[in-house]
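A quick write-up on the structure given underneath.
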Amino acid sequence: MSDSAHMSNDSPGKGSPQNEKDSIKNVLVVALSVCLVCAVIVSAAAVLLKSQRLANKELDRNKNILIAAGLFEQGVTLEEEIVSLFGKFEIRVIDLEEQRLLSDSEVEQAGIDVLKYDQRKAAKNPELSIELSSAEDIASINRRARYSIVYLLRKDGKLDRIVLPIHGYGLWSTLYGFIALRGDGNTVSGITFYEQQETAGLGGEVDNPAWKALWPGKQIYDADHKVALKVIKGTVDKRSPNAKHQVDGLSGATITSRGVQNLIRYWLGDSAFGPVLLGLSGRG
Ligand SMILES: Cc1cc2nc3c(=O)[nH]c(=O)nc-3n(C[C@H](O)[C@H](O)[C@H](O)COP(=O)(O)O)c2cc1C
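In this note's numbering, the protein residues as written are 5 to 288.
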């Protein structure tokens, strides 16, 4: 048998059913159908799981508040345990424009549901926020919401913990977190960052438990109630009289470290939570 006769037996000729199956039209139809089916599955999953996703986000935020406050015991993983621990907090609203805590009726008048209020979203809404001047904007956040949530924990009737949301720019990203203070409104009880996109191993070390463990016991304010806390380059000299106001910088990540210092200076300073903390601690 000749070679050409062999070829015509093995490969289907033009117009054969096999050739039609491999046509560009068929390939495109199949590819588009697969894309369509996948898009429908992904969209349906996103819609169906939205409430679960939001619930998980809220749970994670509450867990971070507990961590900052030093109330999160290692091994607590059950949702009910986190909910029950978090339930001990009083959720209040601070009016940053008037620099005072609002009463429950004022919160209602302002139309705020403390469990649903989204401060990050509010900061983007011109009606619910203000633009910061470059002199004021030391944390590089551009805008600030008028209202902020604050979490208070009382023990035997006395204020024991004050947890405040904080955010500010590092090197690559805005870092979102919480700082918890003791009832004196001055001593740090913990800090957490639940969202940031700094480089893992460099600025991303803000989330390293070993670095966060350097914060408890540090004092935010000096005798004149000015923010004295600094994230210094290098290691704190424990014998220095300023050691109580200093935290070790992140090695190789001075820019992120400076970002953390700036966001502390802004949020705990006179134009944000500073005056309210003075009032809450009874020193005002
Ligand atoms: C790829 C890359 C990623 C970096 N990521 C960070 C970062 O997340 N945070 C930071 O402060 N510095 C980061 N740096 C280093 C900064 O450019 C800068 O050198 C550093 O902040 C200086 O800190 P040091 O004085 O402690 O070395 C990064 C550098 C490179 C090359």
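Yeah, the Cβ is synthetic: ideal placement off N, Cα and C, and Gly gets one too.
Next on the checklist: Can you look up glutamate 209 in the DSSP assignment and give me helix, strand or coil?
Outcome noted: Taking the sequence shown and counting its residues from 1, one reaches residue 209 at position 205. Collapsing the DSSP output to three states places glutamate 209 in a helix.
Checklist entry - Taking a cut-off of 5 Å, which residues have a beta-carbon closer than that to any heavy atom of ligand 1, in chain order? => result That query returns the following residues: Leu175, Glu202, Thr203, Leu206, Gly207, Gly256, Ala257, Thr258, Ile259, Thr260.
Checklist entry - Whole alpha helix (DSSP H) runs in the stretch 62-149 with 4 or more residues, listed along the chain? => result Residue ranges of uninterrupted alpha helix (DSSP H) with 4 or more members, entirely inside the stretch 62-149 and ordered along the chain, are 83-90, 108-113, 123-126.
Next on the checklist: Can you check which of these residues, Phe277, Pro130, Ile195, Gly187, is closest to tyrosine 180 by C-alpha distance?
Outcome noted: What you label residue 180 is simply residue 176 of the sequence shown in a count that begins at 1. Out of Phe277, Pro130, Ile195, Gly187, the CA that lies nearest to the CA of tyrosine 180 is found in Ile195.
Checklist entry - Cβ of glycine 208 within 8 Å of Cβ of glycine 263? => result Taking the sequence shown and counting its residues from 1, the one referred to as residue 208 is at position 204. Taking the sequence shown and counting its residues from 1, the one referred to as residue 263 is at position 259. Not a contact, by the Cβ cut-off of 8 Å.
Checklist entry - By how many angstroms is the C-alpha of glycine 74 removed from the C-alpha of leucine 218? => result As a working mapping, residue 218 is identified with position 214 in the sequence shown. As a working mapping, residue 74 is identified with position 70 in the sequence shown. Their Cα atoms are separated by approximately 13 Å.
Checklist entry - Should isoleucine 45 be labelled buried (16 or more other beta-carbon atoms within 10 Å of its own) or exposed? => result On the sequence shown, position 41 is the one that residue 45 refers to. Exposed, because fewer than 16 other Cβ atoms sit within 10 Å of the Cβ of isoleucine 45.
Item to check | First and last residue of the uninterrupted beta strand (DSSP E) at arginine 186 | outcome: What you label residue 186 is simply residue 182 of the sequence shown in a count that begins at 1. In the DSSP assignment, arginine 186 falls within the unbroken beta strand (DSSP E) covering 178-186.
Item to check | Buried versus exposed call for serine 8 [16 or more other C-beta atoms within 10 Å across all chains shown] | outcome: The residue labelled residue 8 in the question sits at position 4 within the sequence shown. Caution applies to serine 8, whose pLDDT of 47 falls short of 50 and renders its modelled position unreliable; the model cannot decide the point.
Item to check | Chain-order list of residues whose beta-carbon lies under 7 Å from that of serine 6 (same chain, five-residue window excluded) | outcome: Here residue 6 refers to the residue found at position 2 of the sequence shown. Note on serine 6: pLDDT 48, under 50, position unreliable in the model; no value is reported.
Checklist entry - Of all the options Pro213, Ala143, Glu62, Gly256, which has the alpha carbon lying nearest to the alpha carbon of leucine 311? => result No information on residue 311 is available, as it lies outside the stretch 5 to 288 that the chain covers here.
Checklist entry - Exposed or buried, what is isoleucine 28 when buried is set at 16 or more other beta-carbons lying within 10 Å of its beta-carbon? => result Walking along the sequence shown from the start, residue 28 turns up at place 24. Within a 10 Å sphere around the beta-carbon of isoleucine 28 sit fewer than 16 other beta-carbons, which makes this residue exposed.
Checklist entry - Mind checking whether serine 133 and arginine 124 have CB atoms under 8 Å apart? => result Residue 133 sits at position 129 when you count from the first residue of the sequence shown. Residue 124 sits at position 120 when you count from the first residue of the sequence shown. No, Cβ-Cβ distance for serine 133 and arginine 124 is not below 8 Å.
Next on the checklist: With three or more beta-carbon pairs closer than 8 Å as the criterion, would you say the stretch 236-252 touches the stretch 111-118?
Outcome noted: With the cut-off at 8 Å, the stretch 236-252 and the stretch 111-118 do not touch.
Checklist entry - Is the distance from the Cβ of glycine 189 to the Cβ of isoleucine 166 below 8 Å? => result Residue numbering aside, residue 189 sits at position 185 when the sequence shown is read from its first letter. Residue numbering aside, residue 166 sits at position 162 when the sequence shown is read from its first letter. In this structure, the beta-carbon distance from glycine 189 to isoleucine 166 falls below 8 Å.
Next on the checklist: With three or more C-beta pairs closer than 8 Å as the rule, is the stretch 57-72 touching the stretch 80-93?
Outcome noted: Segments in contact, yes.
Checklist entry - Distance, Cα to Cα, histidine 229 vs glutamine 201? => result To locate residue 229, count along the sequence shown from 1; it is residue 225. To locate residue 201, count along the sequence shown from 1; it is residue 197. Rounded to the nearest whole angstrom, the C-alpha separation of histidine 229 and glutamine 201 is 32 Å.
Item to check | Counterpart residues of glycine 174 in DSSP-defined beta bridges | outcome: Within the sequence shown, residue 174 is the residue found at index 170, counting from 1. The partner list for glycine 174 (beta bridge, DSSP) is empty, contrary to what the question assumes.
Checklist entry - So, are the CB atoms of valine 280 and isoleucine 153 less than 8 Å apart? => result Start at 1 with the first residue of the sequence shown, and residue 280 comes out as number 276. Start at 1 with the first residue of the sequence shown, and residue 153 comes out as number 149. For valine 280 and isoleucine 153, no; Cβs fall outside 8 Å.
Checklist entry - Considering only C-alpha positions, which residue in the set Ala49, Lys159, Val210 is nearest to glutamate 199? => result In the sequence shown, residue 199 corresponds to position 195, counting from 1. Here the closest residue by C-alpha is Val210.
Item to check | Start and end residues, beta strand (DSSP E) containing valine 41 | outcome: Position 37 of the sequence shown holds residue 41. Careful: valine 41 lies outside any beta strand (DSSP E), inside the alpha helix (DSSP H) at 28-52.
Item to check | Range covered by the alpha helix (DSSP H) that runs through arginine 262 | outcome: If you number the sequence shown from 1, residue 262 lands on position 258. Per DSSP, arginine 262 is one residue of the alpha helix (DSSP H) stretching across 258-271.
Next on the checklist: Using DSSP's beta-bridge definition, name the partner residues of phenylalanine 197.
Outcome noted: Position 193 of the sequence shown holds residue 197. Answer by DSSP bridge pairing, in chain order: Gly181.
Item to check | Exposure label - glutamine 265; buried when at least 16 CB within 10 Å | outcome: On the sequence shown, position 261 is the one that residue 265 refers to. Residue environment for glutamine 265: buried (at least 16 other C-beta atoms within 10 angstroms of its C-beta).
Checklist entry - Under 8 Å, do arginine 96 and leucine 156 count as touching if we go by C-beta distance? => result If you number the sequence shown from 1, residue 96 lands on position 92. If you number the sequence shown from 1, residue 156 lands on position 152. Yes. Within cutoff.
Checklist entry - From leucine 282 to cysteine 42, what does the alpha carbon distance come to, in whole angstroms? => result Here the question's residue 282 lines up with position 278 in the sequence shown. Here the question's residue 42 lines up with position 38 in the sequence shown. Cα to Cα, the separation comes out at about 56 Å.
Item to check | Beta carbon of alanine 276 nearer than 8 Å to that of histidine 249 | outcome: Start at 1 with the first residue of the sequence shown, and residue 276 comes out as number 272. Start at 1 with the first residue of the sequence shown, and residue 249 comes out as number 245. Taking 8 Å as the Cβ cut-off, alanine 276 and histidine 249 do not qualify as a contacting pair.
Checklist entry - For arginine 57, does the three-state DSSP call read helix, strand or coil? => result Taking the sequence shown and counting its residues from 1, the one referred to as residue 57 is at position 53. Three-state DSSP puts arginine 57 in a helix.
Checklist entry - Does the Cβ-Cβ distance between serine 285 and glycine 172 come in under 8 Å? => result Here residue 285 corresponds to residue number 281 of the sequence shown, with the count starting at 1. Here residue 172 corresponds to residue number 168 of the sequence shown, with the count starting at 1. For serine 285 and glycine 172, no; Cβs fall outside 8 Å.
Checklist entry - According to the neighbour-count rule (16 or more other Cβ atoms, all chains shown, within 10 Å of its Cβ), is valine 51 buried or exposed? => result Here the question's residue 51 lines up with position 47 in the sequence shown. When all chains shown are included, valine 51 counts as exposed.
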